[in-house]
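Have a look at the structure below, then the notes.
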């Protein structure tokens with residue numbers, strides 16, 4: 011097992027990402043509606059993907075990438091979560107994972123250079139272990155069908171479409187995207203419709219299935235890192251608030267019931283960090299335990315993020331219930347993330363199969 | 011729906027029972043081993059069953075009983091729980107329910123007068139909805155077979171034995187009882203073995219099945235009242251303790267984390283009282299909701315009693331972990347009761363069926 | 160008064176004011192004047208001095224006769240909080256002036272208590288009322304401050320207001336209770352958008368608002384004591400109301416489970432049943448509490464019902480969202496609106512999830528409720544207090 | 160020191176003292192004298208002044224060679240708590256006298272800290288040490304008091320003891336740290352039976368026990384500071400140790416589930432997996448903490464590991480009992496015994512359930528651990544304190 015700590019290089023990456031998001035993801039940080047005109051996080055995304063080079067992290071050097079690993083990708087996800095940034099990082103990660111799985115030599119360099127944002131087309135709520143969906147049919151080099159609740163498609167240049175017949179790429183301009191009113195406005199969802207859309211075959215049915223499985227696993231692990239970031243922000247901002255908010259002539263954070271709840275939350279967040287790090291490490295090392303690690307990470311980190319966000323709202327009192335305070339973006343992101351790529355219950359059920367603890 | 015409150019008559023009954031148990035159930039209240047010589051609660055049992063007349067409560071007047079109802083039986087159970095008294099109340103209740111179900115006119119007056127303690131022979135862990143067990147076979151007026159983990163059989167004069175062929179009564183002296191080392195020493199368990207034991211038929215197979223179902227339901231509801239009593243004692247004694255125990259120059263009960271936990275426990279105990287009262291009321295009124303009410307009561311009251319006992323041990327600190335302090339009798343009784351007549355999970359599963367919320 | 164005498168009064172009212180042909184407001188006024196508004200109130204103030212229990216039969220008979228109601232959800236603050244306070248602490252003149260239009264709904268009431276700096280610690284509020292003489296020579300008070308979490312402020316004619324009249328006294332002692340005219344100059348109401356996207360609540364800014372002394376409720380410096388009547392009734396109101404099994408959020412969840420078998424994911428049934436049990440336990444406990452209250456046993460126990468209600472709502476709605484999967488990712492509408500009531504029924508699970516977060520904050524946070532239970536019900540000792548014998552103005556904040 | 164130099168020392172030890180033919184104690188003494196006992200200790204005191212990390216290779220090599228160990232579970236208090244404290248605060252003479260027989264296990268140590276009236280609030284302890292001159296003219300202390308929760312007291316030769324030397328000072332300031340001879344007159348050890356039926360712990364009554372001043376560890380009045388070394392090491396010890404997946408109680412539960420399909424009741428699988436996830440999360444967090452400690456990052460984080468461990472143990476064992484149904488109603492043996500170690504492995508689930516209740520009490524209650532995390536890790540403000548600048552003798556109790 012590789013280390014669960016962060017390397018110095020990772021901490022430098024984190025600092026850059028944090029700075030870029032603070033500078034550019036104003037739609038959220040100023041408390042405004044992050045899903046406003048155009049797409050809200052596009053500046054932040056350019057800074058992140060191209061400026062810092064995050065898009066290249068998971069891609070090998072001989073495919074035009076930076077030859078880092080999913081561990082670094084996870085660090086970026088932590089910061090995206092910490093900022094509740096409306097950037098298509100999860101969509102990009104899923105797309106990249108699929109392209110890596112079928113070794114798309116033509117596309118990977120463009121993805122790495124951030125010239126091309128390739129997003130995987132699947133319902134965000136797809137549970138782990140689900141088969142490749144049959145919602146889209148391939149017919150003579152074109153695709154027809156509709157996929158609902160696709161995350162980050164609004165920002166994509168290229169749509170990567172898994173079908174039972176094979177994995178395809180479609181120019182985003184050739185698909186019809188209908189925005190969905192999402193609970194989490196920081197991660198826009200679309201209904202994606204293909205009507206005889208010209209498509210390029212990236213891999214046959216077997217490849218498509220492998221890419222699908224790989225992308226779901228990578229997505230689950232990286233999403234856990236994002237959830238860790240969300241939880242971290244919620245805990246830290248709550249701790250800060252209760253230190254300075256006075257009621258009954260005392261800081262609210264001096265009341266023991268509040269202290270114990272935050273201490274217990276800290277224990278959970280600390281565990282979430284270890285679990286998320288382990289999942290990212292397993293991906294990076296192609297560890298045979300990766301499937302277990304990814305579902306473990308979702309099963310643990312998703313509820314921790316939700317609880318952290320709920321405590322954040324509650325312990326901010328009235329102000330935490332307002333639109334102006336940032337807490338609600340985190341609550342919505344945390345809860346939606348708990349549904350994304352499978353609920354904790356679905357991951358626990360899958361874990362039971364994986365570790366030989368069958369339901370009956 | 012009848013009232014969920016206690017009547018004045020019930021409060022008087024409670025006072026008598028409490029007094030009798032305080033006077034006679036010394037084996038527990040003095041902190042000694044309640045499963046010592048003979049059987050520990052025999053004095054208390056005589057006072058309760060005959061002295062106060064509790065054995066007659068559920069039995070109609072024309073069968074020699076007091077013509078009260080299961081509501082009053084539940085009040086007695088609350089006090090038995092509050093005292094963690096080593097008296098065979100649950101065994102007596104199960105036996106009485108079975109005899110009432112098959113209208114055993116010869117036996118009921120003797121049971122009512124406390125001349126005869128009739129105990130139902132079943133594993134205490136029998137889950138709700140279980141079929142009549144086939145562990146004992148009837149053959150020409152005799153019974154042969156073994157039933158494990160039977161509660162209160164050590165105190166019985168008469169054993170009521172459900173078999174797939176019918177309901178039988180066996181003189182306790184004709185069975186072999188082997189004591190089991192029980193987690194809960196305040197409710198002794200035995201392995202009961204019949205070897206061609208002479209038996210009296212009380213009812214045919216159909217009657218036996220009805221008596222079985224009725225007894226399990228009555229038992230679940232009355233056990234919930236006992237659990238309420240356990241929870242009540244644990245909460246009250248903990249509240250008393252934290253008011254007087256000083257640490258850091260303050261009563262431990264002035265620390266907010268402790269206060270909030272006890273407040274939340276009080277909310278749960280308050281709910282448990284309403285739920286247990288409802289279940290007893292449904293039994294008393296032969297309400298069609300009785301099956302739901304009984305499983306609801308077990309599903310709610312069993313975990314509340316466990317949590318109350320666990321908090322009692324924890325908030326007493328070191329002293330709560332000792333054999334000398336009474337807390338451990340309650341912990342063991344609460345946890346064993348959560349297994350008795352079905353675990354909370356088993357009752358929740360049954361409830362799902364009863365209220366049209368199927369598992370899949 | 161005998162039951163048949165009361166029925167007779169209802170019959171008389173209906174005979175004199177046929178609901179089918181009478182103007183709604185006219186009917187309501189007549190009902191008030193007949194003492195059939197709230198029969199437990201005194202005669203002349205919309206009541207007949209009867210026990211509360213007598214109300215049910217009156218309401219039922221009038222509903223059956225097709226009589227209009229006073230839209231009680233919309234005027235809940237007036238009915239539930241202002242009215243009992245005016246009745247208990249108001250002068251005869253004040254009762255005569257305010258109770259009738261309050262009950263008929265002609266005048267909507269709101270509550271100006273909480274402030275940004277005084278939430279759980281309500282008694283620390285800083286809105287100042289300074290005594291003076293108005294331009295017309297009438298005695299009164301000039302009020303300055305900011306209030307928050309004020310539902311219905313934008314529709315209200317009157318507000319119950321708690322303000323500080325003496326900052327040199329310890330915080331509980333320097334407060335006075337007023338009735339504030341929401342149409343008076345200097346009252347500014349701004350919607351406060353909440354995490355659901357809508358604005359049920361408002362911020363209210365008070366700038367040199369003039370309140371005649373005749374609109375003071377109770378003695379100067381007695382505001383905290385007067386406010387107890389209001390707050391007690393708030394908690395009872397929030398926790399109250401007899402409900403059938405599977406009412407509220409658990410009903411919505413049970414419907415989802417029954418009608419959409421595809422939502423029944425692995426490992427979720429036990430969680431569903433845990434919530435069903437918790438809902439039923441909460442319901443029966445509330446029922447039992449109502450029986451106790453009817454039997455005259457008072458208490459802080461209402462706090463337990465509200466506490467459990469908030470927790471259950473949050474758990475049930477959170478569970479349902481995950482059960483729904485893809486649908487749980489969606490929301491119905493983020494448009495900013497200013498609704499009068501919370502619409503649990505017709506909005507989506509996402510709305511219920513978000514809105515339920517307010518249940519443990521509004522009307523006393525769950526933390527404060529736990530304090531109340533611990534201290535008033537269980538008798539646990541208070542914490543060491545730093546704000547007891549200190550002048551309000553010297554408190555750390 | 161180079162790795163091969165260290166290996167050479169191990170080889171030399173084994174060459175000079177063949178484990179197969181050497182007396183156990185003789186071997187352990189030789190190992191100590193070779194500096195291979197705890198290599199991070201200074202030379203001459205059983206070590207070589209090397210980093211802690213170097214120990215693992217030494218231990219492994221000796222195990223492989225069939226060398227005897229010092230039964231570390233049995234002498235855990237000496238190794239984990241007394242030794243680091245003696246090393247840090249003892250005089251050269253004290254180190255020379257105590258560390259060698261401590262490490263070899265010739266002398267067992269116990270801890271006399273907690274008292275019936277001073278559990279979580281350890282600094283409030285009341286055992287009195289009064290300075291005087293012994294019959295032999297030697298300076299020393301007369302100690303009176305009662306200690307509790309003392310494991311191994313009945314087998315111990317020495318105890319680390321915290322006693323009050325000045326009741327007129329605030330509680331933290333009037334304490335002094337001693338080493339107490341458990342064979343001295345006036346030391347009475349009584350077993351303390353616990354809810355499992357056995358007595359791992361003891362009460363220790365100290366009646367006019369004479370302790371020479373040479374057995375004082377650290378300066379008079381510095382006892383609290385010295386005790387911090389002991390307590391820090393206790394928490395690390397309790398939370399420590401690298402463990403594989405499904406070690407501990409979760410392993411027992413998983414075995415039950417796998418080997419006894421009939422135990423897999425309806426609605427229990429999700430609960431099982433929740434616990435499995437919690438166990439794995441706790442395990443990985445402990446692993447990460449060990450990596451942090453190895454990397455030199457210190458901290459109160461060990462409290463989190465112990466807190467989570469206690470909670471998990473309690474939840475897992477409680478869950479397993481209900482899963483087992485009928486078997487969960489039984490217990491193995493209520494006989495009163497005085498075991499040296501906790502036997503998680505060979506006792507029944509009922510024993511594990513009961514014994515685990517102690518995990519959130521012993522070595523710092525879970526409540527105290529939450530305080531530590533809140534204040535030392537999160538930097539949350541302390542509560543108002545009533546015991547800060549008050550003489551110990553005047554504290555309310």
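Chains as they are written, first to last, in this note's numbering: chain F, 11 to 370; chain Y, 11 to 370; chain P, 160 to 556; chain Z, 160 to 556.
The C-beta atom is built at its ideal place from N, Cα and C for all residues, glycine as well.
Does residue i come within less than 8 Å of chain F when only Cβ atoms are used?
i	result
residue 397 of chain Z	Confidence in residue 397 of chain Z is poor, its pLDDT being 44 and thus under 50, which makes the residue's placement too unreliable to answer from.
residue 38 of chain Y	Unreliable placement is indicated for residue 38 of chain Y, whose pLDDT of 49 sits below 50; no coordinate value is reported for it.
residue 140 of chain Y	no
residue 508 of chain Z	no
Could you check whether the Cβ of residue i sits closer than 8 Å to any Cβ belonging to chain P?
i	result
residue 253 of chain F	no
residue 256 of chain Y	no
Helix or strand or just coil, what does DSSP make of residue i?
i	result
residue 143 of chain Y	coil
residue 547 of chain Z	coil
residue 52 of chain Y	helix
residue 336 of chain Z	strand
residue 264 of chain Y	helix
residue 233 of chain Z	coil
residue 423 of chain Z	coil
residue 332 of chain Y	strand
Closest Cβ-Cβ distance between residue i and chain Z: below 8 Å?
i	result
residue 367 of chain F	yes
residue 259 of chain Y	yes
residue 543 of chain P	yes
Tell me, which residues are paired with residue i by DSSP?
i	result
residue 320 of chain Y	According to DSSP, which records beta bridges pairwise, residue 320 of chain Y is partnered with nothing at all.
residue 287 of chain P	P/303 and P/323
residue 361 of chain Z	Z/350
residue 298 of chain Z	Z/292
residue 269 of chain Z	Z/318
residue 257 of chain F	F/260
Assuming residue i contacts residue j under a Cβ cut-off of 8 Å, what Cβ separation, rounded to an integer in Å, is found between them?
i	j	result
residue 55 of chain F	residue 215 of chain F	With 8 Å as the limit, residue 55 of chain F and residue 215 of chain F do not qualify as a contact, their Cβ atoms being about 33 Å apart.
residue 488 of chain P	residue 193 of chain F	6 Å
residue 543 of chain Z	residue 545 of chain P	6 Å
residue 323 of chain F	residue 351 of chain F	At roughly 24 Å, the Cβ-Cβ gap does not stay under 8 Å, so residue 323 of chain F and residue 351 of chain F are not in contact.
residue 237 of chain P	residue 267 of chain P	7 Å
Under a CB-based cut-off of 8 Å, is residue i close to chain Y?
i	result
residue 526 of chain Z	yes
residue 266 of chain F	yes
residue 270 of chain F	yes
message: Suppose only complete runs of 4+ residues qualify. What are the alpha helix (DSSP H) ranges in the segment 168 to 255 of chain F, listed by chain order?
response: 215 to 254
- request: Return the chain-ordered ranges of every alpha helix (DSSP H) run that is complete within the segment 84 to 157 of chain F and spans a minimum of 4 residues.
  value: 99 to 111 and 118 to 122
- request: Taking only runs that begin and end inside the segment 494 to 532 of chain Z, name each unbroken alpha helix (DSSP H) of 4 or more residues, in chain order.
  value: 508 to 515 and 525 to 531
Length at least 4, wholly inside the segment 171 to 245 of chain Z: the alpha helix (DSSP H) runs in chain order: 183 to 192 and 214 to 223
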